[in-house]
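Some notes on the structure that comes next.
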Amino acid sequence: MANLTETSIWESGIYRIETTDPIIGGENGISNIQAKQLGSRTKYLKLRADQVDAAAGSYGSLSGRMDAVEGMAQAVGPEMQSAVAGSALFALDQARQAGLGLRYLRTVLQQEYRVSITNRGVVYGCWVNKSLTATRNISISEGRCFSMGAVWPVQEGVNAASVPSNTGPGAITAYACLYPSGGYGFALGVSPSLAGIPENGFPIYMLTIPAGNTDITDPYLENVVLTDIRRVEPDFPMLLHNPPTVVLGIATLRKNDFRVDYDVMGSTGGYCGNNSIKTVSRAGNGVVLQPCSDADAVALHVRISRLDN
0 MANLTETSIW ESGIYRIETT DPIIGGENGI SNIQAKQLGS RTKYLKLRAD
50 QVDAAAGSYG SLSGRMDAVE GMAQAVGPEM QSAVAGSALF ALDQARQAGL
100 GLRYLRTVLQ QEYRVSITNR GVVYGCWVNK SLTATRNISI SEGRCFSMGA
150 VWPVQEGVNA ASVPSNTGPG AITAYACLYP SGGYGFALGV SPSLAGIPEN
200 GFPIYMLTIP AGNTDITDPY LENVVLTDIR RVEPDFPMLL HNPPTVVLGI
250 ATLRKNDFRV DYDVMGSTGG YCGNNSIKTV SRAGNGVVLQ PCSDADAVAL
300 HVRISRLDN
C-alpha cells in the first residue's frame, strides 16, 4: 500500500466531495483529494514549526530568545550604541575611499593595454585593374609583397578574382586583398569586409560598388570605383618609409608627461624587442606608437603610468 504524495504548500481550500462524485482511488483520484490537500497543509505547517524551533535555539521558545536579545540591547546604553554605529560608518567610509583609490590607481594612474600590430604591404607592383574580357573580374600585375616578416612573390593574375554584385538600395564596400596561396607566394582575392580577409592577408584596394550593380547592369565594372590603399615599402625589410601606426586611446590624464612602457609578448618574422617600439606622439587621452622592425603580428603589452596625476 503506497502513501499519498504530500507537497509543502498551503491549499486555499478543501475539496467537498459531492454525492454525484464517483469513488476513484489512486494518487489523483477524487476520493483522495481531501486527504492529499490536508496532508499538504500539514507538511506546510510542519516546515514552519521546524523553522520556529530552529530560531528559538537553546532558549526553548521564540519569545525567550527575543527577551534575551532585548536584554542584550538594553545592556548597551544609547551613548555606546551611537559610538559603535559611528565607528562602523567611519570604517565603511574609509573602506569605500580605499576601494575608490585602488580603482583609480589601477584604471587611471597605472593603465595597462594589449595591442596587436600588423606589418604588411607591397614592395613593388601588385597593381589591380578591371578586366575587359571577363564579367565582373579584376586582374593584378606581377610584384612582391611582405607579410609574416618575409617578402613573398605575387604572380601576374589575369581575371584573378571576381567582384560581387550589389542588388541592395545603397552602395557597399569590398576589398581586393593579397593572401597566402596554396604554393609559395600570395594571390589576389576579394573580401566583403576587412574581417573576412584570410589569415596573414591584407587589403590593397577598396572597391565601392554602387546600388543595383550586377553582371547585367555593369558587367565590366565601369561604375565600380577602385581606390588604391596599398602600403608601399620599396626598401623592406631594410628600411620602412611608412611604418604602421597605432593610435591607443587611454583614460584621460591631466598632463601628457606620463611614462610609457612596452613589453613585446610575441611577433612573427624578424626581431622585435621592447626597444623596437617608438612613441611618436602623446596627449592626455592617448598615445601614437610605431614599430621599428620588419616583424609582423606584434603582440604588445603597454603600460601607462603617472602616479602624481
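Mapping of the sequence shown onto numbering that gives the first Met the number 0: residues 0 to 308, in sequence order. Think of the CB as a built atom: it goes at the ideal place given N, C-alpha and C, for glycine as much as any other residue.
Under 8 Å between the Cβ atoms of P168 and A133? no
Is the beta carbon of A175 less than 8 Å from the beta carbon of L193? no
Could you say which of R135, S292, I249 lies nearest to S146 if we only look at CA atoms? S292
A296 to G184 span [Cα, whole Å]: 18 Å
Those runs of the beta strand (DSSP E) which lie wholly inside the segment 195 to 254 and span at least 3 residues: 201 to 208, 224 to 227, 245 to 248
Contact check, I137 vs A173 under 8 Å by CB: the rounded distance? That belief does not hold up - the Cβ atoms of I137 and A173 are roughly 10 Å apart, past 8 Å.
Can you tell me whether S280 is buried or exposed? The criterion is at least 16 other CB atoms within 10 Å of its CB, across all chains shown. exposed
For N128, list the residues DSSP reports as bridge partners. S138
Identify, in the order they occur along the chain, each residue of the same chain with its Cβ nearer than 6 Å to the Cβ of W126, setting aside the five sequence neighbours on each side. S140
For V224 and L131, the rounded distance between their alpha carbons: 15 Å
Reduced DSSP category for G156 - H, G, I as helix; E, B as strand; rest coil: strand
Does the beta-carbon distance from D227 to R135 come in below 8 Å? no
Reduced DSSP secondary structure (H/G/I, E/B, other) of N165: strand
Hey, how far is the Cα of P21 from the Cα of A1? 21 Å
At the level of alpha carbons, what is the spacing between T207 and Y178? 20 Å
Given this structure, state the Cα-to-Cα distance separating E329 from P197, to the nearest angstrom. Outside the modelled stretch of the chain, which goes from 0 to 308, sits residue 329, for which no answer is possible.
Enumerate in chain order the residues of its own chain whose CB-to-CB distance from R258 is below 6 Å, with the five nearest sequence positions on each side excluded. S304
If you drop the 5 nearest sequence neighbours on each side, which residues of the same chain put their C-beta closer than 7 Å to that of I203? V121, C125, V127, A175, C176, L177, I228, R229
Inter-residue spacing [alpha-carbon to alpha-carbon] between R253 and A282: 9 Å
With 16 other Cβ atoms within 10 Å as the buried cut-off, status of P290: buried
In this structure, what does DSSP give as the bridge partners for T172? T207
Neighbour flag for R305 against chain D, beta carbons, 8 Å: The structure shown contains no chain D; it holds only a single protein chain.
Along the beta strand (DSSP E) that carries M147, what are the first and last residues, could you check? Per DSSP, M147 belongs to no beta strand (DSSP E) and is neither H nor E.
N274 to H300, Cα distance in whole Å? 13 Å
Euclidean distance between Cα positions of L46 and M71: 29 Å
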